[in-house]
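Written below as structure tokens is the structure these notes are about.
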Amino acid sequence: MSSILSIVGWIMIMHSAYSCLHFRGILLDYDLQESVSIPPTDVYIEVGAGFLLLLISEIMGAGTFQTVDVLGPGKRRPLAAPGYKTRGFDIYENRSKALNKANKAS
Numbered sequence: 138m139s140s141i142l143s144i145v146g147w148i149m150i151m152h153s154a155y156s157c158l159h160f161r162g163i164l165l166d167y168d169l170q171e172s173v174s175i176p177p178t179d180v181y182i183e184v185g186a187g188f189l190l191l192l193i194s195e196i197m198g199a200g201t202f203q204t205v206d207v208l209g210p211g212k213r214r215p216l217a218a219p220g221y222k223t224r225g226f227d228i229y230e231n232r233s234k235a236l237n238k239a240n241k242a243s
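Residue numbers (my numbering): 138 to 243.
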């Protein structure tokens, strides 16, 4: 279902872009480009509807949401990555530490 909504949303956005270019082409043909500089309202409505369809399809395709455990007021626990995740982000090496290690080793 989400892929169908996504495809329809993309088609609507592409059609609104084509409609805007077609409208500008008509204005150029009749030398009215100076008098009207904004696209018609239906283009804005079509872009908005296409964007909403894409947003809904992405939310539907995201899957199930996970629950949030609330401990209550005053109960705090440290923020830590789950055990199955890599802990490489906790180790921080900068250039000065690496140079100090290299100088001590030589």
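Each residue gets a CB set at the ideal place from its N, CA and C atoms; glycine is no exception.
These figures come from a predicted structure and were not determined experimentally.
If residue i sits next to residue j, beta carbons under 8 Å apart, how far is it from one beta carbon to the other, in whole angstroms?
{"i": "V180", "j": "S153", "result": "5 Å"}
{"i": "P177", "j": "F202", "result": "Actually they do not touch by this definition, with Cβ atoms about 39 Å apart."}
{"i": "S139", "j": "G198", "result": "4 Å"}
{"i": "I150", "j": "V184", "result": "6 Å"}
Any idea what DSSP makes of residue i, helix, strand or coil?
{"i": "F160", "result": "helix"}
{"i": "A186", "result": "helix"}
{"i": "T204", "result": "coil"}
{"i": "A239", "result": "helix"}
{"i": "E195", "result": "helix"}
{"i": "D179", "result": "helix"}
{"i": "Y145", "result": "Looking at the sequence provided, one finds Val at residue 145 rather than Tyr. Residue state, collapsed to three classes: helix."}
{"i": "L165", "result": "helix"}
{"i": "M138", "result": "coil"}
Between residue i and chain C, is there a C-beta pair that is closer than 7 Å?
{"i": "F160", "result": "Looking for chain C here will not work: only one protein chain is present."}
Exercise. Counting Cβ pairs, one atom from each stretch, are 3 or more of them under 8 Å apart for the stretch 140–147 and the stretch 183–203?
Worked result: The stretch 140–147 vs the stretch 183–203: in contact.
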